[in-house]
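Worksheet: the structure to be examined is printed underneath.
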Amino acid sequence: MKNLRITIGVVVLGCAFLLGCSSDKVRDFMPGVYVNSAGGEFSVASDTLEVEQVEGNNYVINRRTGFNLVTDGKLGKREYEVEKWSAVYSLDTQVLTETKKGKLISFFPDSGSLSVGRRVYKKID
Numbered sequence: 001m002k003n004l005r006i007t008i009g010v011v012v013l014g015c016a017f018l019l020g021c022s023s024d025k026v027r028d029f030m031p032g033v034y035v036n037s038a039g040g041e042f043s044v045a046s047d048t049l050e051v052e053q054v055e056g057n058n059y060v061i062n063r064r065t066g067f068n069l070v071t072d073g074k075l076g077k078r079e080y081e082v083e084k085w086s087a088v089y090s091l092d093t094q095v096l097t098e099t100k101k102g103k104l105i106s107f108f109p110d111s112g113s114l115s116v117g118r119r120v121y122k123k124i125d
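1 is the number of the first residue of the sequence shown in the UniProt record's numbering; add one for each residue after it.
And the structure:
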């Protein structure tokens, strides 16, 4: 009976160790700097997202946008906007959810990118 308890204890500790060592590929990939550029008839813009883990499943995303409005076919002066998003990571879905507007941010380690809606950002750092 004593040997059975020891065996069960070793098995339970082994499982706990393996679960603790398992890696979340998406979570490991997330922190960094991502860029996106877009242009159209009325504007040209570039976005930078900097994803940082704050604590546990909580993240901060700093978004910096530079854009030029196009008027009568001419590019206007460069303008800038800065936003700070808070987001929570779901272990189940492996997606960050921005807490204010509910934006879903998906990460793709194999292609080195993330997406916010239909907008795709490439990781540069």
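All C-beta atoms, glycine included, are put in the ideal place defined by N, C-alpha and C. Computed from a predicted model, the values in this text were never measured in an experiment.
Cα atoms of T71 and L91: separation of roughly 46 Å, rounded to the nearest angstrom. A Cβ-Cβ separation of about 5 Å places V116 in contact with I105 under the 8 Å criterion. Under DSSP, F29 shares a beta bridge with no residue.
Annotated three-state conformation of T99 is coil, per DSSP. L69 and E55 have their alpha carbons spaced roughly 38 Å apart.
If you look at I61, you'll find it in the beta strand (DSSP E) that goes 58-71. Apart from the 5 residues on each side of it in sequence, K123 sits with its Cβ closer than 6 Å to the Cβ of G32, Y34, G112 in its chain, given in chain order. Around V82, the same chain offers N62, R63, R64, T65 as residues with beta carbons nearer than 8 Å, after the five sequence neighbours per side are excluded.
Of the candidates Y89, K25, V44, Y80, the residue whose Cα lies closest to the Cα of N58 is Y89. Residue state for S43 is assigned as strand, using DSSP reduced to three classes. Between the alpha carbons of A45 and K74 lies a gap of roughly 14 Å.
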